[in-house]
Amino acid sequence: MDFLNPVINGFAVVLEPMNLLYCLIGVVIGMLIGVLPGLGPAATIAILLPLTYNVEPVTAIIMLAGIFYGAQYGGTITSVLLRLPGEASSVVTVFDGYQMAKQGRAGTALGLASIGSFIGGTASIIGLTFLAPIVASFALDFGPAEYTALALLGILLVATISSGSKTKALIAAALGLLLATVGRDIFTGENRFTFGSLELADGIDFVPIAMGIFGLGEIMYNLEERHRAAKAPSAVANVRPSRRDLKQASGAIGRGSVLGFFLGILPGGGATIASMASYAMEKKRAKQPERFGKGAPEGVAGPETANNAAATSSFIPLLTLGIPANATMALMFGALLIQGVTPGPQLVEQDPGLFWGVVNSMYIGNILLLIMSLPLVGIFVKILRVRAAILAPITALITLLGAYTINNSMFDVTLVVVFGIVGYLMKKFGFEPGPLVLAFVLGSLLESSLRRALLVFGGDPLGFFGRPISATLLIVFVLVAALPGIRSALAKRKAIVPAGTAATEIKEKV
Amino acid sequence: MMHFPTRRAVLGAASAITLLAMTACGNVSGGTADSSKYPNGPVTLTVGQAPGGSTDLIARAVSEGAAKTLGAPMPVVNKPGANGALASKEVAGKPADGQNLLLLTASLITITPLAVTADEAVNIDDFDIISGLSQDDYVLVASEKSGFKSIKDVTSAGRNITYGTTGVGTGSQLAQTVLFKQANVKGTDVPFDSGKPALTAVLGNQVELATIQLGEAMPQIEAGKVSPLLVFSEERNSFLPDTPTAKESGYDVPVAQYRAVAAPKGTPKEVKDKLVAAIQETLKSDSYKEFNKKNMLTPKEISGEEVVTQWKDYAAKYKALVEKYDISLAGNK
Chain W
1 MDFLNPVING FAVVLEPMNL LYCLIGVVIG MLIGVLPGLG PAATIAILLP
51 LTYNVEPVTA IIMLAGIFYG AQYGGTITSV LLRLPGEASS VVTVFDGYQM
101 AKQGRAGTAL GLASIGSFIG GTASIIGLTF LAPIVASFAL DFGPAEYTAL
151 ALLGILLVAT ISSGSKTKAL IAAALGLLLA TVGRDIFTGE NRFTFGSLEL
201 ADGIDFVPIA MGIFGLGEIM YNLEERHRAA KAPSAVANVR PSRRDLKQAS
251 GAIGRGSVLG FFLGILPGGG ATIASMASYA MEKKRAKQPE RFGKGAPEGV
301 AGPETANNAA ATSSFIPLLT LGIPANATMA LMFGALLIQG VTPGPQLVEQ
351 DPGLFWGVVN SMYIGNILLL IMSLPLVGIF VKILRVRAAI LAPITALITL
401 LGAYTINNSM FDVTLVVVFG IVGYLMKKFG FEPGPLVLAF VLGSLLESSL
451 RRALLVFGGD PLGFFGRPIS ATLLIVFVLV AALPGIRSAL AKRKAIVPAG
501 TAATEIKEKV
Chain D
1 MMHFPTRRAV LGAASAITLL AMTACGNVSG GTADSSKYPN GPVTLTVGQA
51 PGGSTDLIAR AVSEGAAKTL GAPMPVVNKP GANGALASKE VAGKPADGQN
101 LLLLTASLIT ITPLAVTADE AVNIDDFDII SGLSQDDYVL VASEKSGFKS
151 IKDVTSAGRN ITYGTTGVGT GSQLAQTVLF KQANVKGTDV PFDSGKPALT
201 AVLGNQVELA TIQLGEAMPQ IEAGKVSPLL VFSEERNSFL PDTPTAKESG
251 YDVPVAQYRA VAAPKGTPKE VKDKLVAAIQ ETLKSDSYKE FNKKNMLTPK
301 EISGEEVVTQ WKDYAAKYKA LVEKYDISLA GNK
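Protein sequence lines, in the order shown, are assigned to chains W and D. Just so it is clear: in the first sequence, position 278 is 278 by UniProt numbering, and no numbers are missing. Just so it is clear: in the second sequence, position 312 is 312 by UniProt numbering, and no numbers are missing.
Structural data, given as structure tokens:
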């Protein structure tokens, strides 16, 4: 059982009082921003990045991870009580959760969501625990060629699975790739797009981009949006779901865990897609689908389980491969880099304390959330009444102060403001900021790995196919790229057979 | 600040009340008239590298000791960017009153100018060097799969060899490109972002050789995962006594990373003397010696003048070497 030793040592790391405290702070902040519509975990992590700078890397990541999965819990509360999803990943919870609240079963809905979230999250952590060492055993086989293939695959998946308009996602991704080229060429020392500025010689830092686009941009955009006034919340009673409810929801929780786990691992996937897929799946499986939208407990338990499972499992590609699966993970990537930790296959080996500390903190965090989420419901609902006009200037100030402290540089503050405006305009015109940020992160990885790989291969591109891991990844890349074409060809065929159409329709709803 | 008003300040106050503030300010930060009061408030030590790296660690070890002797706090401020050029240019532009210091790395003066444009290069004449600190040696390591156990194995391999460097314009790149030319071995230079990824690439047999700083390579050398072929210092390194130098093996390529504390040009002599004394005392302390040992740094505690002469010599030598062998550090174009 040698493999379990570092896992157990990881618990020792989590149980250090400092780490426990930051885990608690993380999940509380996470729940809080989960409750607040508009301010998502990506924005919050972007804003808080500089604050983590002076604490130990493990502690910092434990807190940031707490914010991420804590937000999944928080988002449920307002969905159920106020019909106001705090997070995109809790949108589908509104359908049945609010109906249940109207029927006086708000407590049951919240209880089911909490239990489901806990089980989904925990299942994903267990998956992560067993999967990570397997990936890590290949760690040293990951050379420039493998990273090239991974980055290619990552960019493709981000572009194809994004939720909004594909063209706009591609435009945003292209902008991200362009921004990634700024700075001194690391192979020739040539300056690219620096306009003679020494500040740009190392390229644009990831953090000001993230803080601007996700932080400041979101804040400005939210100021413009008029939120629906918070109505008096329904009374919450009877938090513990009855045995009957639990029995009814147990299947949904089980399926949600598995579905969420796999959708979370996929680049471009994540909590939102997982929750929607789970809702669609539950509805499809139900004996009486007409109950959905009228307060079906599975309609709450399934998606809430899936979004938490996905939130947790999206750490897998980041921590084991160094490939962020979604925008929030890209921010985690940035946070790790600030701390001098490069996420990737080597992480488990080189820094087991950090790796297992973070992974195991999620067990603790989920337990904390389970204990806290219900008693705190009343407080969080009150916080919703704080006006945006008060909240926005405070968060904007924290963002700008934070931007200065990273490198003690006013230039970074200017960058944050510039990217804040970019982020605001992007949101306003319906461009997702996610593809931009992901392409920015993966773009520099792709470029440097590709050039490095070609140097090693002596300029022969066939070298990529001579290595098992990179060859496999490239085949997957080709398959994914060809998939839409194959699918539409299949759909055309099926259109002739009437039975087939129904199946594709449901799939599209997913 | 004004407990002991100087005659100048009193005169200033008498002549014009509006000038008082300016005169007082002059006394505080101008320093020329009143450097006996040094240090006047915190002395900032700027580092052009990110926190956690060896340059940053050295800065923190120095500041910890020197702050005590100087009797003023000495915060370390990291301003990473352009290999340290950004921080250097900023400190060079600060008033020369000893309140702003820089931890200067030799490669920025001796090697980086070979890879970047002239206006980006940092000139050592913009600074008064306070004291040299230490020498950080580069070691050439070979991957397990390459089978190289000595530099002879490399030179007699008779094929193209891939080698990782820690980036363009670094000592690691210069040392290896020159070595390969002198040994007449064909090689492909594969730049990585820093020492750690270069070492990982050797561990994973992605490249056959790499030159990295000793402190970084030592754990893997001790674990037997990579073989040390030679060190680029002029004399054998005390932490790796069995590994020959490049010189012993017949190659004229002395490269190491040196570090020194610098102040903006024109810092008053009394201020410099105080700083030299404070730093000397720190360097003599047991805790600093322990720090050097732990990080495999060889003390090189020479005077500021010696630093300038030596670094300029190295810069000239490297320039001659790359010209002689027609090497472009910004190669791979």
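Think of the CB as a built atom: it goes at the ideal place given N, C-alpha and C, for glycine as much as any other residue.
Note the first and the last residue of the continuous beta strand (DSSP E) segment covering T165 of chain D.
I161 to T165
Selected residue, minimal CA-CA separation from A388 of chain W, among W:L170, W:S114, W:G154 and W:E218
W:E218
Nearest-angstrom Cα distance between S249 of chain D and E301 of chain D?
Each residue's Cα considered, the two are about 27 Å apart.
Proximity below 9 Å, CB of S444 of chain W to CB of E199 of chain W:
no
Out of curiosity, what's the CA-to-CA distance linking S242 of chain W and A123 of chain W?
Rounded to whole angstroms, S242 of chain W to A123 of chain W spans 23 Å at the Cα level.
Determine, using beta carbons only, whether L32 of chain W and G74 of chain W come nearer to each other than 9 Å.
yes
Just verifying my parser: in three-state terms, what is the DSSP assignment at residue 511 of chain W?
Absent from the structure is residue 511 of chain W, since the part of chain W shown begins at 1 and ends at 510.
Tell me whether Y325 of chain D is buried or exposed, calling it buried when 16 or more other Cβ atoms sit within 10 Å of its Cβ.
exposed
Contact set between D193 of chain D and chain W, taken where Cβ atoms lie within less than 7 Å
I186
Measuring straight from C-alpha to C-alpha, what distance separates S286 of chain W and L318 of chain W?
The question names Ser, yet the displayed sequence has Ala at residue 286 of chain W. Their Cα atoms are separated by approximately 35 Å.
Find the nearest neighbour of P95 of chain D within the set D:V271, D:A320, D:V47 and D:G158, judged by alpha-carbon distance.
Closest option to P95 of chain D, Cα to Cα, is D:V271.
Which of helix, strand or coil does DSSP assign to L374 of chain W?
Three-state result, L374 of chain W: coil.
Counting only beta-carbon separations shorter than 9 Å, does P80 of chain D have a partner in chain W?
yes
What residues are listed by DSSP as bridge partners for S131 of chain D?
D:V261 and D:S303
Going by beta carbon distance, what residues of the same chain come within less than 7 Å of P41 of chain W, once the five residues before and after it are set aside?
G30, I33, I67, F68, A71 and T328
Which term fits A132 of chain W, buried or exposed, when burial requires 16 or more other beta carbons within 10 angstroms of its beta carbon?
buried
Relative to the alpha-carbon of I279 of chain D, which residue among D:S227, D:A260, D:F239 and D:E290 has its alpha-carbon at the smallest distance?
D:A260
Report the neighbours of S409 of chain W on chain D: residues whose CB is nearer than 9 Å to its CB, in chain order.
Listed along chain D, the residues sitting closer than 9 Å to S409 of chain W by beta-carbon distance are K79, G81 and L86.
Buried or exposed: which applies to V116 of chain D, given that a residue is buried once 16 or more other Cβ atoms fall within 10 Å of its Cβ?
buried
Mind checking whether G127 of chain W and S313 of chain W have CB atoms under 9 Å apart?
If you check the CB distance, G127 of chain W and S313 of chain W come in under 9 Å.
Does the distance from the C-beta atom of P343 of chain W to that of L336 of chain W stay below 9 Å?
Yes; because the gap between Cβ atoms is below 9 Å, this pair is in contact.
Taking the CB atoms as reference points, tell me whether R244 of chain W and M281 of chain W lie closer together than 9 Å.
With contacts defined as CB atoms closer than 9 Å, R244 of chain W and M281 of chain W fail to qualify as a contacting pair.
Skipping 5 residues on each side, what residues in its chain have a beta carbon closer than 8 Å to that of residue 339 of chain D?
Residue 339 of chain D is absent from the structure shown; chain D starts at 1 and stops at 333.
So which of D:K79, D:D193, D:A72 and D:G41 has the shortest CA-CA distance to residue 344 of chain D?
Residue 344 of chain D cannot be examined here, being either before or after the span of chain D that is shown, 1 to 333.
Can you name the residues that DSSP bridges to R83 of chain W?
Bridge partners of R83 of chain W: none, in fact.
List, in order along the chain, the chain W residues whose C-beta lies closer than 8 Å to that of A50 of chain D?
G340
Run through the DSSP bridge pairs and tell me what G183 of chain W is partnered with.
W:R192
Below 8 Å on the Cβ atoms is my contact criterion, and I expect F419 of chain W with G212 of chain W to pass it. Report the Cβ-Cβ distance as a whole number of Å.
3 Å
Can you tell me whether DSSP reads G270 of chain W as helix, strand or coil?
coil
At 7 Å on the CB atoms, spell out the chain W contacts of V116 of chain D, in chain order.
Correct list: G189.
Our contact map puts V437 of chain W next to A210 of chain W with C-beta atoms below 8 Å; I'd like the distance itself, whole angstroms only.
That belief holds up - the Cβ atoms of V437 of chain W and A210 of chain W are roughly 6 Å apart, short of 8 Å.
Which bits of chain D does E199 of chain W rub up against, with CB to CB less than 9 Å?
G81, A82 and L86
Just to confirm, are I166 of chain D and G195 of chain D a CB contact at a threshold of 9 Å?
Residue 166 of chain D is actually Thr in this sequence, not Ile. Yes, they are a contact pair.
Report yes or no: do three or more beta-carbon pairs, one from the segment 137-149 of chain W and one from the segment 446-453 of chain W, lie closer than 8 Å?
The segment 137-149 of chain W vs the segment 446-453 of chain W: in contact.
Would you check whether the ligand NAD has a heavy atom nearer than 8 Å to the C-beta of T148 of chain W?
Absence of the ligand NAD from the depicted structure is noted, as is the absence of any ligand whatsoever, leaving it without description.
Please list, in chain order, the chain D residues whose beta carbon lies closer than 7 Å to that of G143 of chain W.
A201, G204 and Q206
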